[in-house]
Ligand code: AGP
């Protein structure tokens, strides 16, 4: 996903912009650029490749003089990653420059219209249509030109805009793609996300949809698309700057794996009152909760996998029927939804376009939407009817670990809350379930402390062609996540299968030495999954089993066994995923992959 940084103040802009863009690298990108006003004209420098190239071209920014500028890291959507397609884009006489995150959906229409009016396009991007449209409407008043453009463009955008004729101002505009602004004694800042400006200020303001911000060196004003000036509340960012740094770990991903115990405890403990689960953020009475007969969980990627686990746990403990859907499917399949159902959207970033669209579709249909979100103040958090925050802290690595684990914790809490109000769990059973939840952070800590054998085992598979993950029931849900972890950071082909499905086709892929990971944590399914292990072994597979301490029988079938501590079977995913996260991580490290910023991926997919 693209990164935007802008600055106007009494310091040189370019170094501020480069530093901010570097803190947004985790979002994934393939080119970068800056535009800085030097007192006479806009100087624009762009380059394909990593930010380092832009830094070298501008001597760390010192070659670009001026105190107002905008910068961008581009994650290509329209047009290949090259210098022409890199942002900022500019008008013909280079008096207006624009950086953009999002997709202008009617850009072809706009491009054709502008070309008929004589505009020349230098790039293949959708963004370039915006800057020429600004040029078309600009008659000396930047705000008026911006408003006219916003009435013409369709799609999602976070924009940074600079006008050479108004170098005392910088503009930020937002619709659907995230954008924040902040201020300190040295000036005002625009950014796509908090880490870019946290070193300057903790006080940030989230720009809402179709709002325009005019920033000057010492103050800023907010406007709606309909002319009037508006007042905005700021948010104090609580997490510290080094929370967004590596803290001595080789990768953010490893650091965030080791933050899982604290993240789980931070998400759980504030919601435990005595022997009860209290989730005030739900804003629902016990009677309203007890009346829920159907839940739809909608998300993408790992958040979707958390939802699959959530289905098993919610149905198992509260006997509420749960459907889980990929947000990109849900939003277009015109779903048949039961009256009175609750919709739960899950999202770490709170900005995933498909998940946000699913939230809006559900609300349009009159359904109550709960968001399970990690980023405070994000779009999904602000548009959901209620938010159950996962207190994982900032997650920088593209491959989610701690946020995913806290999503599971949030779902466990919901399942227990529903079970309590629906009395589907007895008063005798409830305290034991709570105790099992409270033990999870320490049990995760214990599993993390045992990383060396997993690292050694992982090193055997850095050359693997295919690796499969199988499980039954909730063990299938965790296999989905384990498989995604491996493939998204090591680029090794991997698939997760319901273990009972193997004989319906997949088993034909098993060859001599193929690694198959089998998660076996559900006592009533042990025998069934062990028979699947025997099936794949008979075809030459090497089987890694992840199972409960004490299930030693499995050593007769599996080749390599990792034991996880005893917990309630409904919560076992939180433990089984730990060695499998470590496995994926060490395979990727062994292959020399860019673990925190895997190729082609972005931390938050704010485009369709
Ligand atoms: C998981 O490791 C990936 N980063 C990706 O699948 C991610 O979970 C998905 O894009 C959803 O993101 P969100 O939780 O921010 O909505």
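In my numbering, the protein residues as written are 3 to 610.
No residue lacks a Cβ here, since even glycine has one placed at the ideal position from N, Cα and C.
Length of the line joining the Cα atoms of residue i and residue j
| i | j | result |
| --- | --- | --- |
| residue 428 | residue 522 | 27 Å |
| residue 463 | residue 554 | 25 Å |
| residue 237 | residue 228 | 25 Å |
| residue 369 | residue 329 | 16 Å |
| residue 442 | residue 526 | 22 Å |
| residue 607 | residue 353 | 7 Å |
| residue 170 | residue 218 | 6 Å |
| residue 579 | residue 487 | 10 Å |
| residue 365 | residue 351 | 20 Å |
| residue 280 | residue 417 | 12 Å |
| residue 394 | residue 558 | 39 Å |
| residue 552 | residue 565 | 8 Å |
| residue 471 | residue 537 | 14 Å |
| residue 345 | residue 497 | 28 Å |
| residue 426 | residue 220 | 58 Å |
| residue 447 | residue 567 | 11 Å |
| residue 581 | residue 31 | 30 Å |
| residue 360 | residue 176 | 20 Å |
| residue 435 | residue 571 | 10 Å |
| residue 225 | residue 235 | 13 Å |
| residue 275 | residue 294 | 23 Å |
| residue 97 | residue 326 | 50 Å |
| residue 199 | residue 17 | 12 Å |
| residue 182 | residue 240 | 16 Å |
| residue 380 | residue 180 | 7 Å |
Residue range of the beta strand (DSSP E) that includes residue i
| i | result |
| --- | --- |
| residue 547 | 544–550 |
| residue 177 | 172–177 |
| residue 165 | 157–165 |
| residue 494 | Segment: none, residue 494 is in no beta strand (DSSP E) and carries neither H nor E. |
| residue 208 | 205–208 |
| residue 66 | Unbroken run through residue 66: none, as it is neither H nor E. |
| residue 292 | It is not in any beta strand (DSSP E) - residue 292 instead sits in the alpha helix (DSSP H) that spans 288–292. |
Reduced DSSP category for residue i - H, G, I as helix; E, B as strand; rest coil
| i | result |
| --- | --- |
| residue 98 | strand |
| residue 470 | strand |
| residue 270 | helix |
| residue 195 | coil |
| residue 121 | coil |
| residue 588 | helix |
| residue 604 | coil |
| residue 594 | coil |
| residue 369 | coil |
| residue 186 | strand |
| residue 562 | strand |
| residue 181 | coil |
| residue 327 | strand |
| residue 502 | helix |
| residue 107 | coil |
| residue 43 | coil |
| residue 232 | strand |
| residue 347 | strand |
Start and end residues, alpha helix (DSSP H) containing residue i
| i | result |
| --- | --- |
| residue 20 | 15–24 |
| residue 405 | 404–424 |
| residue 222 | Residue 222 -> not in any alpha helix (DSSP H); beta strand (DSSP E) instead, spanning 222–226. |
| residue 74 | Looking at the DSSP string, residue 74 is not in any alpha helix (DSSP H); the run it does join, the beta strand (DSSP E), is 70–76. |
| residue 573 | Run containing residue 573: none; DSSP gives neither H nor E here. |
| residue 1 | A question about residue 1 goes unanswered here, because the residues of the chain that appear run from 3 up to 610. |
| residue 436 | 432–450 |
| residue 304 | 303–320 |
| residue 254 | 254–260 |
| residue 139 | 129–139 |
Chain-order list of residues whose beta-carbon lies under 7 Å from that of residue i (same chain, five-residue window excluded)
| i | result |
| --- | --- |
| residue 460 | 585, 588, 589 and 592 |
| residue 24 | 53 |
| residue 131 | 106, 109, 112, 113 and 116 |
| residue 273 | 279, 280, 281 and 415 |
Close Cβ partners of residue i (< 6 Å) along its chain, the five nearest in sequence each way excluded
| i | result |
| --- | --- |
| residue 101 | 6, 72, 74, 89, 90 and 162 |
| residue 349 | 305, 357, 375 and 382 |
| residue 144 | 165 and 168 |
| residue 610 | 355 |
| residue 457 | 588 |
| residue 56 | 34 and 49 |
| residue 66 | 16, 38, 45 and 60 |
Same chain, Cβ closer than 8 Å to residue i, five either side skipped, listed in chain order
| i | result |
| --- | --- |
| residue 556 | 522, 528, 532, 535, 547, 549 and 563 |
| residue 267 | 443 |
| residue 542 | 512, 513, 514, 515 and 516 |
Residue i Cβ short of 7 Å to the ligand NAD heavy atom set
| i | result |
| --- | --- |
| residue 496 | In terms of ligand content, the structure shown lacks the ligand NAD and carries the ligand AGP instead. |
Short CB-CB distance (under 8 Å) between residue i and chain B
| i | result |
| --- | --- |
| residue 151 | The chain inventory of the structure shown lacks chain B, comprising one protein chain alone. |
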